[in-house]
Amino acid sequence: MSYKAKFRIWRGESGEGKLEDFTVEVNEGEVVLDIIHRLQATQAPDLAVRWNCKAGKCGSCSVEINGKPRLSCMTRMSTFAEDETITVTPMRTFPVIKDLVTDVSYNYQKAREVPSFTPPEGVRPGEYRMQQVDVERSQEFRKCIECFMCNNVCHVVRDHEENKPAFSGPRFLMRIAELDMHPYDVADRKESAQEDHGLGYCNITKCCTEVCPEHIKITDNALIPMKERVADRKYDPLVWLGSKIFKRAK
Amino acid sequence: MDNSINIERHEYDVVVIGAGGAGLRAAIEARQQGKRTAIVCKSLFGKAHTVMAEGGAAAAMGNVNSDDNWMVHFRDTMRGGKFLNNWRMAELHAKEAPDRVWELEAWGALFDRTKDGKISQRNFGGHEYPRLAHVGDRTGLEMIRTLQQRVVALQQEDHEQHGDYEAYIKVFQECTVTRLLKDGDRISGAFGYWRETGSFVLFDAPAVVLATGGIGKSYVVTSNSWEYTGDGHALALLAGANLINMEFIQFHPTGMVWPPSVRGILVTESVRGDGGVLRNSEGERFMFKYIPEVFKDKYATTEEEGDRWYTDQANNRRPPELLPRDEVARAINAEVKAGRGSPQGGVYLDVSTRLPAEEIKRRLPSMHHQFKELADVDITAEPMQVGPTCHYIMGGVEVDADTGGASVPGLFAAGEVSGGMHGSNRLGGNSLSDLLVFGRRAGAGAAAYVDALPARPKVAQEQVDAARTEALAPLERSSGENPYEVHHELQRTMNELAGIIRKAEELTEALEVVEKLKERVQLVGAGGSRIYNPGWHLALDLRNMVLVSECVAKAALMREESRGGHTRDDHPGMRPEWRRKLLVCSTEDGGSITVEEQEQPAMRDDLITLFDRDELSKYLTDDEMDEFDRIAK
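Heads up: the sequence lines are chains X and P, in that order. If you count the first sequence from 1, position 79 lands on 79 in the numbering used here, and the numbers rise without skipping. To convert a position in the second sequence, counted from 1, into the numbering used here, add 250.
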C-alpha cells in the first residue's frame, strides 16, 4: 500500500534556487499536494506552496509536474510508477517568489485592463431577461477557476517576457470573448481585443485548451470566434488558416 | 529587517478582513459610499472558500413558484434554526436577499434561467418552494467572480477619475491580520504580515469589518479550506467582542473519508435520495437499527419495504437512510465507534447495487466525476466510503442585525464569522444569500460609523510593538515544537471529543487537552526565513484555532440539550427553556474563555404570528405560549 517515492522539488527564493531531492512516504489514494504537505510536516516545514480548496475548485495549486502544468490537488500519485522520480517545479512563465509559489500579479494586472461588464442604460436589477441558450456560451468561460495555467503554458509569453505588455493571454482574451457574448453587454470589444490585448499574437496551437482543468474549449469556443469577430473588420490570415486546419467544436 | 518604527503603514476609512462573498460585498458597499477601503485576504484575490459553494443562493424571488415571498422564507429559516435564530437577522435576510441576487446580475453574473428568461430557482432541503438562484453546481464561484469583477469595475472608475486604480479600493492579497488595534474602547486599526515577504503591515483605520469565514480547520475531517482557522472569531475575542452560539456546528453526515486526499469533501444527499444505501464493515444495512421512536411510523422497518419505496412512494415508507441529517450522522458515528467502520473510519455508501451505471452517471454526474477524478473510485461499480464532516459554524461574533456592528465600537462582522442569523442550524442555500445581505449591511454600517466619528482614533505604538513581538516569536524559537504536530493533535481532539456527538466527560477531556495545547502553542517554533514560510504561518494561526476550540467545547459543555448542530448524547432532545438562552463567549486576558448565559429578546409580534400555534408549541415554553395566545387574540 505505502511506498517511498522520490521527489525532486525546486527550492529557492529571491531568484536563486535548485532542485532538491526528497524521499517521502506515499499512501494509497494520495495526490501530489498530499505529498508536498507531508514534506512540510516532516522534512521541510518552510517549503512554500499555494493551495486552498484541495478539490480542484479554486485554482490555487498550479505547478509543473514533470514539466507539465497541473493542479497538484488533482494529480493522483497512482498515475506515476512507484520507481519514477517526480519533479515538481513552479510555473515557468511567472517570477518565482519562493519554492513552488510564483508571482502571478501579471494576471491581475491584465484582468484590470479588460473593460468591465457594460449593460445598456436603463435596465434595472431584476429586469434582466435572458434565455438559457444565450447565457450558456459565456457560462462555459465563467467556469474558469483562474489557475492561470493557460497563461503559463502559452508560448507567446512562456519564454517571451517581452510579449507580456502587449498580450493578455488566453485567460483574459477568453474574458473579453465572454463579455462580448454576454447578452446584455453593449461595449465594443473587438478593436480592443486586437489592439490592447494582443489577440493577433495567438496562433491557435491549443496549448491552453489542453491544460485547462475545467476542460473549457478556450481556443475553439472563445479565441477563434473572437478572432472571427475581429476579422469582420480586419483581415487575419490565421483565422483563415485555422478554419482550414481545425474542426470547430459545436 | 523592519523594526516597529518603519513598518509599512496605510491609512484607510474601512479595512475589510476576508475576501469571500461577505468581505467583497462589504468592501463594495463601503467604497460605493465614498470610503477609502482596503480588502485584506490570506489567499489570492478570488480564491476564497465561497468558491466551494455549489447549491445556490436562497432568495424568495418567486420566479418558479409565485407563492414564495419573504415571509415563507423567514419561516423556513427559523424552523431550520430550531427557533434560536436572531429573528431580526432572519427577517432582514428574507426581505433583502432578492435585491442582492438581482444586483449581482446587473454586475454581470449569469445565473441559469427559467423558460421565460428569469433567474431559475431550485429546490433544497428545508425550503418550501424552489428558491435557490444557481449556476449548475458552481454558484459560489459565479458569486466570487462577479464580486471580484465588481471591485475591478470600481477600480476602473477610480482610475478614470483619479488616475489611480487603487485610489479608493485596494486588495492586499496574501496578507494575514494577526491583531486588531484599539484606542481606548474603539477600533483604531489592524496589524498583519505579508505572506510573500514576511514583512509587517499596519492599517490605520477607524472601522474594521471581519469577514473571515469559519473554523473548520480545528477538525481533522472538514469540508473547509486551509484558511478556515477561526481568525476573525479570535481577533474579535481578543479585541473584547463577544461570540455567541459557538456550540452549534453543522456536521454533514456524508463527507468523503477515503482516500486521504479528499477527506471531508461533501457527498451530496442526492446519492441517498436516488437509492444509495449505507452499510457497515459487516455488510449490514445498519440504519434500520437507528430509527428513533418519534419517527417509527414514518420509516420503513424492513429492507424490502425500503426498497419498494423508490418505485412506489404512496404505499411504502421511506428507507431510514433518508432520516434527518443529525440522525444519520449519529448512526454512522455509532457504527464506527463500535468497530464496524470501514478501514478508513467511515461506512460504505453504495448506489451501484440500486441503479444501472448509465443512470448513475445521468443522475449524479458531479459525484461520479468527483470520485473518479479524486478517488479513482467508480461509483457505478463500487461503494463510496463516507463519514460526518465538519461543514459550517453557526456561531460567531455577536452583532447588531441592522448594521453588523459588534459590541466594540468600529468593529463589524458579516457572513460565517458572525453569529445569530442561522440559529442552531443553517439551511442549505441560506449561506450565499447571508453573505450578500449582511456583507452589504456591514459595509454600510462601517461607512455610517466612520461618518459619525467626531475624531479619528489613534494607533498606539505599544500595541504595534506587542503585535510585532508576538508575530516574530515562533521564528525566534526555531528549534521549538513542530506546529504541524500541535495542529494535528488539536484537530484529532476536536474531532473525537467535541465533534458531532458530545457528552460531558468527553467535552471535559477536550477542554483539558486544549488547555495543554495552549501551553504548547506558546512553544511552537518555525525554522527558515520570513519569506513565504508556511510553518510560521501555521504557528501563528494556532493561537486562533485553540481559542475558538475552547469556545466550542465550553459552550457545548454548558448547553444541556440537543438542538440543531449540537447533539448531546447525555442530554437528548430539545428543551424549550434553552431556546432563548444564548451562550456568550468572551475573554478578559486573551488566555481563557468565559461563557455566560444571555436571554435572546422575544420575537416581534408581527413575526411570531406568522407561525401556527401547533408548530410553536413544539418549541416554546408554556409561559411563552401563554404570551403568544395573548398576542394572537
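Beta carbons: idealized from backbone N, C-alpha and C, even for Gly.
Cβ of residue i within 9 Å of any chain X Cβ
| i | result |
| --- | --- |
| P:Gly-777 | yes |
| P:Met-328 | no |
| P:Val-586 | no |
| P:Lys-896 | Given a span of 251 to 883 for chain P in the structure shown, any question on residue 896 of chain P remains unanswerable. |
| P:Val-301 | yes |
| P:Trp-320 | no |
| P:Glu-519 | no |
| P:His-738 | yes |
| P:Val-385 | yes |
Cβ-based neighbour list, residue i, same chain, cut-off 6 Å, excluding 5 preceding and 5 following
| i | result |
| --- | --- |
| X:Tyr-254 | The structure shown does not extend to residue 254 of chain X, since chain X is modelled only from 1 through 250, so no value can be given for it. |
| X:Glu-146 | Gly-59 |
| X:Met-149 | Ser-62, Pro-69 and Val-211 |
| P:Thr-837 | Leu-487 and Ile-843 |
For residue i, three-class secondary structure by DSSP
| i | result |
| --- | --- |
| P:Met-644 | coil |
| P:His-260 | strand |
| P:Asp-872 | helix |
| P:Cys-291 | strand |
| P:Pro-733 | helix |
| P:His-816 | strand |
| P:Ser-475 | coil |
| P:Ile-781 | coil |
| P:Gln-406 | helix |
| X:Gly-67 | coil |
| P:Ile-267 | strand |
| P:Gly-330 | helix |
| P:Leu-677 | coil |
| P:Trp-508 | coil |
| P:Trp-352 | helix |
| P:Gly-442 | strand |
| P:Ser-668 | strand |
| P:Met-634 | strand |
| X:Asp-99 | coil |
Neighbourhood of residue i by C-beta, 8 Å cutoff - its chain only, sequence neighbours within 5 removed
| i | result |
| --- | --- |
| X:Lys-143 | Glu-214 and Ile-216 |
| P:His-502 | Ser-473, Leu-516, Arg-575, Ala-579, Pro-638, Thr-639 and His-641 |
| P:Tyr-869 | Lys-332, Phe-333, Met-824, Pro-826 and Arg-829 |
Chain-order list of residues whose beta-carbon lies under 7 Å from that of residue i (same chain, five-residue window excluded)
| i | result |
| --- | --- |
| X:Asp-134 | Pro-183 |
| P:Leu-773 | Arg-727, Gly-730 and Glu-731 |
| P:Val-798 | Ile-465, Ser-468, Gly-480, His-483 and Ala-484 |
Candidates the options, of which the one nearest residue i by Cα
| i | options | result |
| --- | --- | --- |
| P:Val-301 | P:Arg-395, P:Asn-373, P:Asp-366 and P:Tyr-415 | P:Arg-395 |
| X:Lys-164 | X:Val-104, X:Pro-45 and X:Met-130 | X:Val-104 |
| P:Ala-819 | P:Val-771, P:Gly-749 and P:Gly-654 | Residue identity differs from the one stated: residue 819 of chain P is Asp in this sequence, not Ala. Considering only alpha carbons, the answer is P:Gly-749. |
| P:Asp-547 | P:Glu-355, P:Leu-573 and P:Glu-755 | P:Leu-573 |
| X:Thr-258 | P:Gly-386, P:Asn-565 and P:Pro-733 | Beyond the ends of chain X as shown, which are 1 and 250, falls residue 258 of chain X; an answer cannot be given. |
| X:Cys-154 | X:Asn-27, X:Val-31, X:Met-77 and X:Thr-219 | X:Thr-219 |
| P:Asp-862 | P:Ile-267, P:Arg-325, P:Glu-304 and P:Ala-303 | P:Arg-325 |
| P:Pro-510 | P:Asp-349, P:Arg-286, P:Ile-858 and P:Gly-595 | P:Gly-595 |
| P:Gly-330 | P:Ala-310, P:Leu-677, P:Glu-746 and P:Arg-429 | P:Leu-677 |
Nearest-angstrom Cβ-Cβ length linking residue i and residue j, presumed shorter than 8 Å
| i | j | result |
| --- | --- | --- |
| X:Ala-48 | X:Val-101 | 5 Å |
| P:Val-647 | P:Leu-493 | 6 Å |
| X:Ile-204 | P:Tyr-782 | Not really, about 36 Å apart at Cβ, beyond 8 Å. |
| P:Lys-804 | P:Leu-761 | 7 Å |
| P:Ala-277 | P:Ala-298 | Actually they are not in contact, since the Cβ atoms of P:Ala-277 and P:Ala-298 sit about 12 Å apart, beyond 8 Å. |
| X:Trp-10 | X:Val-88 | 7 Å |
| P:Val-458 | P:Leu-661 | 6 Å |
C-beta neighbour in chain P for residue i, strict 9 Å
| i | result |
| --- | --- |
| X:Ala-187 | no |
| X:Gly-198 | no |
| X:Gly-15 | no |
| X:Ile-145 | yes |
| X:Cys-212 | no |
| X:Ile-218 | no |
| X:Trp-51 | yes |
| X:Met-226 | no |
| X:Ser-192 | no |
| X:Gly-67 | no |
| X:Pro-119 | yes |
| X:Met-149 | no |
| X:Val-157 | no |
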